[in-house]
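Engineer: Each number in this note's numbering comes from the position in the sequence shown (counting from 1) with 148 added on.
Just dropping this structure here.
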Amino acid sequence: MKKRVLKVLAAGLAVAFLAACGGGNYQVPRDEFKRKVRTLAVLPILVDEQSNIRHPEAPKVVDLLRRHSEGREKRLAELLRDAGSFFDVREVTQKPEDLARRLLVRVPAESGADALPYDFSGPAARRLTEEYVVDALLVIILHGRDVIEKRWDRTRLNYLEAPYNGILAAALVIDRSGTVLWRLGEGPGTTFFTLQYPDFDEARYNKTQNVALKFLTLGGIERTLEESEGGLIGGEDYPKLYADLFDRICKALEPGLMNPFARDAR
Numbered sequence: 149m150k151k152r153v154l155k156v157l158a159a160g161l162a163v164a165f166l167a168a169c170g171g172g173n174y175q176v177p178r179d180e181f182k183r184k185v186r187t188l189a190v191l192p193i194l195v196d197e198q199s200n201i202r203h204p205e206a207p208k209v210v211d212l213l214r215r216h217s218e219g220r221e222k223r224l225a226e227l228l229r230d231a232g233s234f235f236d237v238r239e240v241t242q243k244p245e246d247l248a249r250r251l252l253v254r255v256p257a258e259s260g261a262d263a264l265p266y267d268f269s270g271p272a273a274r275r276l277t278e279e280y281v282v283d284a285l286l287v288i289i290l291h292g293r294d295v296i297e298k299r300w301d302r303t304r305l306n307y308l309e310a311p312y313n314g315i316l317a318a319a320l321v322i323d324r325s326g327t328v329l330w331r332l333g334e335g336p337g338t339t340f341f342t343l344q345y346p347d348f349d350e351a352r353y354n355k356t357q358n359v360a361l362k363f364l365t366l367g368g369i370e371r372t373l374e375e376s377e378g379g380l381i382g383g384e385d386y387p388k389l390y391a392d393l394f395d396r397i398c399k400a401l402e403p404g405l406m407n408p409f410a411r412d413a414r
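Okay, here's the thing in structure tokens:
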């Protein structure tokens, strides 16, 4: 597939929905969210195997995502407890594949390229909130999607703007009816990591302006998922991708201090 190296384009300004509330995209007023959501359940990370993952070994990519995401919700739940924004934060201990099958409702593609591609089953959400005795559920979905991005070459003189296939993370709080009360960012989610890269070196050595997009190898994907916060060598032994995602969620999801005994009360 041929791509053109483009010159710099003017960037537009995006206005965040309910930006006046500060810190997170609340779909209801923050005070209402705080009244409605006093206890929260954190679900295991869900991986949508039917999403647009164009990697030639997509099933193995899904397997890697599931394996590396297993049990990660424990750290997120602990961070939310420490923040003290909820009276209680509980962990849902069920198989993520079963949860995804019961809870996620796929939205038709014609709903919009920038829309979240999921709704949530009201009956499934209600059963989970009743089972874990909580007001709402925090759901994280990893799914494949093409996102237009700019990638620069080593000289920082040229770049390729193109639709790169990658893994996005959508994080949402839904109530007992499956209605979204809060979400991290806008659109289909934030980029977790990109599955493709532009091969500028190949184009340079072949003396062509046509820059090919190539997919990461399975080994490269695994090393990306394993890379710790301190880099591949040294540092804390916790994957940076998950640590960064959880940090963004905790910073954005702050309806107000509720727990006076929080270890990290702010």
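C-beta atoms are modelled at their ideal positions from N, C-alpha and C, and glycine is treated no differently.
None of the values given here were measured: they were computed from a predicted structure.
1) Quick one: residues in its chain with C-beta nearer than 6 Å to the C-beta of A225, no 5 flanking neighbours on either side, listed in chain order?
2) What residues in its chain sit with their C-beta under 6 Å from that of A351, if we drop five residues either side in the sequence?
3) In whole angstroms, what separates the C-alpha of Y113 from that of R331?
4) My output table needs one value for P177: the three-state DSSP class, helix, strand or coil.
5) Where does Y266 land, buried or exposed, given buried means 16+ other C-beta within 10 angstroms?
6) Provide the residue span of the alpha helix (DSSP H) that contains V209, from first to last.
7) Can you tell me where the beta strand (DSSP E) holding G270 begins and where it ends?
8) Would you check whether the ligand MN has a heavy atom nearer than 7 Å to the C-beta of T241?
9) Looking only at C-alpha atoms, which of L361, R223, P403, I296 sits nearest to V321?
10) From the DSSP output, in three-state form, read off Y390 for me.
11) Could you check whether D283 and L188 sit closer than 8 Å to each other, using their CB atoms as the reference points?
12) Quick check: the Cα distance between V255 and K355, rounded to an integer number of angstroms?
13) So R223 and F394 are in contact, right, with Cβ under 8 Å, and what is the actual spacing, rounded?
14) Under DSSP, the beta strand (DSSP E) around P434 begins and ends at which residues?
15) Using C-beta distances below 6 Å, list every residue in its chain close to I381, excluding the 5 sequence neighbours before and after it, in chain order.
16) With three or more beta-carbon pairs closer than 8 Å as the criterion, would you say the region 309 to 317 touches the region 199 to 211?
17) To which residues of the same chain is I193 closer than 7 Å at the C-beta, ignoring the five residues directly before and after it?
18) Going by beta carbon distance, what residues of the same chain come within less than 6 Å of R186, once the five residues before and after it are set aside?
19) What residue from P271, L247, D392, T342 has the CA that sits closest to N200's CA?
20) Going by other Cβ atoms of all chains shown within 10 Å of its Cβ, with 16 needed for buried, is D196 buried or exposed?
21) How long is the line joining the alpha carbons of I397 and Q357, rounded to whole angstroms?
22) Under the assumption that K362 contacts S376 (Cβ atoms under 8 Å), give the Cβ distance between them as a whole number of angstroms.
23) To which residues does DSSP link F235 through a beta bridge?
24) If the criterion is Cβ atoms closer than 8 Å, does the pair T241 and V295 meet it?
25) Inspect the beta-carbon positions of G337 and D262 and report whether they are closer than 8 Å.
26) Just to confirm my understanding: we take G170, look at its own chain, exclude 5 residues before and 5 after, and list those with CB closer than 6 Å. What are they?
Structural biologist: This is what the structure gives:
1) V190, V237, E239
2) V359
3) Since the first residue of the chain shown is 149 and the last is 414, residue 113 is not available in this structure.
4) coil
5) buried
6) 206 to 217
7) Unbroken run through G270 is the alpha helix (DSSP H), 270 to 280; no beta strand (DSSP E).
8) The ligand MN is not among the ligands present in this structure, which contains no ligands whatsoever.
9) P403
10) helix
11) yes
12) 44 Å
13) 6 Å
14) What the structure shows of the chain is the stretch from 149 to 414, and residue 434 is not part of that stretch, so it cannot be assessed.
15) Here the model assigns I381 a pLDDT of 49, short of 50, so the residue's position is not dependable, and the following value carries that caveat. Here the set comprises nothing.
16) yes
17) S217, R220, E221, P244, I288, L290
18) F235, D283
19) T342
20) buried
21) 40 Å
22) So it is not a contact: roughly 25 Å between Cβ atoms.
23) None; F235 has no bridge partner.
24) no
25) no
26) In this prediction, G170 scores a pLDDT of 41, lower than 50, which makes its location untrustworthy; the coordinate-derived value is nonetheless stated afterwards. So the list is empty, once near-sequence residues are dropped.
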